[in-house]
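> Taking the numbering used here, I'd label the letters of the sequence shown as residues 556 to 1023. The structure follows.
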Amino acid sequence: MELKREEMQMRLLTDEMDEDAAHRRISDIESSAAIPLDADTLDRLKEAAFAKLGIGVPESGQDADDERVPTRPIGDVPAGRRSFSRRKRRIAAALAILVALFLAVSIASGSPEVRAQLRKAFQFLPGFAVVGDTEETGTQYVLREPIHLAFNGGELEIRGFRAGDRVAVAELSGTTPTMIDGFILRNEKGEMYPFESQRSWSARDWTGIFYYRGELALTGRMEILIEGLKGPVPLRLEEADRSDRVEDFGITDVRQGVSVTAVTQEMTDGRTKVSLLPQLPKEVHVESYGMYPWDRHPPRMTNESNDAVALSQDSLFPHPNEMYYRRTDSGPGGYTLTVPEMILSRPPAGTDQISVPVPKAGASMQVNRTFDLQGFPVTIRQVRRLSVHPGDANVKDLLEVDVDVHYDPGAAESLLMVFPAEGDMKFDESTGALQHLYLPVPEKEKTVSMKIERLQTVIRGPWVFRLE
């Protein structure tokens, strides 16, 4: 891969990207996660599950994708709820773009010479909540847990840091009035490496990916220099845990043919972090495991006495696949984490456009037409033309489209949302299933062609992990 060309493309991509584009473009980035299980039984389970998902089984060695792409649909809801939903979508878009950037930079990192000497293995990258592939990125050295700093009247968190032979990537977030543009990494020899920010989001809460490309001399003692911060920040990097199989990093459970591995890590503040690593084709992303940003059926943690143990997530830009708990005096029996369902997102396959008629101003029209979107039926029941500002020629009318996604609360997997390229939506507050789409009405057109960008489904388990 040509680094200069890739960097230029990524810069252009992120400069132009909005919240929906974040979800569209992330599937264009080759990822560095897991390969299918080698057991024949699980292969058969995967084949059945992927057929149900409407996608093919990935070929041997094909990468799965990072799942950190949260979203929450916005609809015609009360003002307070609507504002909160929009904030979640902005945060979700930020994280989606960050994942795309992290994957793009990571894959371009390992030199061909180093990669050629490495037998393919997986490395768990804490702080980024993903699994890397040594064939793509080389051996990685990582920060085991985040660093929290008081900074500029707020808090600065170094969430993740990983370094290889030709690139280093850090993820930082903060609750400060201004963002940092970059920082310096200094080794014990006094050599300095400037890190640039590829993308950040303003407001008091912000997050960003910072990177350095080039030869990097890692030494025993490293430190970070940030303008405005008193003194250097010690940085201890360790070689990332390595294994031939993702399952070896933790406890694995398979439901509906989807394999998820739970990785635990003891934190110095007394909490235990659980990272959930799914094995899915690259075009399928897990948006939620029942907590942020979709909490209708949250995961449950219990001790050996079946007492509930509280689960939490980071308050600032949480990774959907990371959660924390505190151990109690439960004895040697350990803990059980149960994840009832996952929210998946994928682009449509085959049909990706739906045409609906446009009635006269103020009129409605019955449609009752059903489309097949990747094996899921979607029925357009009725359309209504709404005048937003009657008499104002500069404001387009809206087409209200009544949609039935045939939500089934008892199905192994059910369609929730259909995201068009433009427009707004309203969903059922009790189920989260799409009810209405609101599309701008083009001038003098009798039909509106709706391009579908992605589908959102709920897939049900439960996935059960017995943790020590």
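By construction, the Cβ of each residue, glycine as well, lies at the ideal position given by its N, Cα and C atoms. Keep in mind it's a predicted model, so treat the numbers as computed, not measured.
Below 8 Å on the Cβ atoms is my guess for residue 704 versus residue 788; work out the distance and round it to an integer in Å.
Translated into the one-based positions of the sequence shown, residue 704 becomes position 149. Translated into the one-based positions of the sequence shown, residue 788 becomes position 233. Contact holds; Cβ gap of about 7 Å.
> Below 8 Å, how does it come out for the stretch 925-942 and the stretch 951-969: are there three or more Cβ pairs, yes or no?
yes
> Within the same chain, show all residues whose beta-carbon is closer than 8 Å to that of residue 712, passing over the 5 residues directly before and after it, in chain order.
Here residue 712 refers to the residue found at position 157 of the sequence shown. Result list for residue 712: 701, 702, 703, 704, 727, 728, 729, 871, in chain order.
> Beta-carbon separation of residue 773 and residue 716 under 8 Å?
Walking along the sequence shown from the start, residue 773 turns up at place 218. Walking along the sequence shown from the start, residue 716 turns up at place 161. For residue 773 and residue 716, no; Cβs fall outside 8 Å.
> Under 8 Å, with one C-beta from each stretch per pair, do the stretch 678-693 and the stretch 796-806 reach the 3-pair mark?
yes
> Among 953, 931, 891, which one has its Cα closest to the Cα of residue 918?
In the sequence shown, counting from the first residue as 1, residue 918 sits at position 363. Cα-wise, what sits closest to residue 918 is 953.
> Label residue 999 either buried or exposed according to how many other C-beta atoms from any shown protein chain fall within 10 Å of its C-beta, with 16 as the threshold for buried.
As a working note, residue 999 is residue 444 in the sequence shown. By the 10 Å Cβ count, residue 999 comes out exposed.
> I need the straight-line Cα distance from residue 925 to residue 1003, nearest angstrom please.
As a first step, residue 925 must be located in the sequence shown, where it is residue number 370. As a first step, residue 1003 must be located in the sequence shown, where it is residue number 448. Approximately 16 Å between the Cα atoms of the pair.
> Hey, would you say residue 989 sits closer than 8 Å to residue 972, going by beta carbons?
One-based indexing of the sequence shown puts residue 989 at position 434. One-based indexing of the sequence shown puts residue 972 at position 417. Yes, the pair counts as a contact, with Cβ atoms nearer than the cut-off.
> Quick one: residues in its chain with C-beta nearer than 6 Å to the C-beta of residue 1018, no 5 flanking neighbours on either side, listed in chain order?
Stepping through the sequence shown from its first residue, residue 1018 is reached at position 463. Taken in chain order, the residues that qualify are 808, 810, 815, 894.
> Is DSSP giving residue 983 helix, strand or coil here?
Stepping through the sequence shown from its first residue, residue 983 is reached at position 428. Note: residue 983 maps to coil in three-state DSSP.
> Do you know offhand how far residue 760's Cα is from residue 731's?
Taking the sequence shown and counting its residues from 1, one reaches residue 760 at position 205. Taking the sequence shown and counting its residues from 1, one reaches residue 731 at position 176. Near 7 Å, if we compare the C-alpha coordinates of residue 731 and residue 760.
> Expressed to the nearest angstrom, what Euclidean distance is found between the alpha-carbon atoms of residue 689 and residue 805?
Stepping through the sequence shown from its first residue, residue 689 is reached at position 134. Stepping through the sequence shown from its first residue, residue 805 is reached at position 250. In a straight line, the C-alpha of residue 689 is about 19 Å away from that of residue 805.
> Since residue 777 is in the beta strand (DSSP E), which residue starts that stretch and which ends it?
As a first step, residue 777 is located in the sequence shown; it is residue number 222 there, counting from the start. From DSSP, the beta strand (DSSP E) with residue 777 extends over 777-780.
> For residue 951, I'd like the list of residues in its chain whose CB is within less than 7 Å of its CB, leaving aside the five on either flank, ordered along the chain.
Within the sequence shown, residue 951 is the residue found at index 396, counting from 1. The answer, listed in chain order, is 995, 996.
> Residue ranges of each beta strand (DSSP E) run of no fewer than 3 residues wholly in the stretch 905-980, ordered along the chain?
If only complete runs of 3 or more residues are kept, the stretch 905-980 shows the beta strand (DSSP E) at 908-912, 919-928, 931-941, 953-959, 968-975, in order along the chain.
> Using C-beta distances below 6 Å, list every residue in its chain close to residue 1054, excluding the 5 sequence neighbours before and after it, in chain order.
The requested residue 1054 does not occur in the structure, where the chain is confined to residues 556 to 1023.
> Closer than 8 Å by C-beta to residue 822: which residues in its own chain qualify, once you throw out the five before and the five after it? Chain order, please.
Residue mapping note: residue 822 aligns to position 267 of the sequence shown, counting from 1. So the list reads 700, 828, 879, once near-sequence residues are dropped.
> For the beta strand (DSSP E) that residue 764 lies in, which residues bound it at each end?
By 1-based counting over the sequence shown, the position of residue 764 is 209. Looking at the DSSP string, the run of the beta strand (DSSP E) that includes residue 764 is 760-768.
> Check residue 803 in the structure and name its three-state DSSP category.
The residue you call residue 803 lines up with position 248 of the sequence shown. Correct three-state label for residue 803: helix.
> Taking the DSSP output, what are the residues bridged to residue 870?
For the purposes of this step, residue 870 is identified with residue 315 of the sequence shown, where counting begins at 1. In the DSSP output, where bridge partners are listed per residue, residue 870 has none listed.
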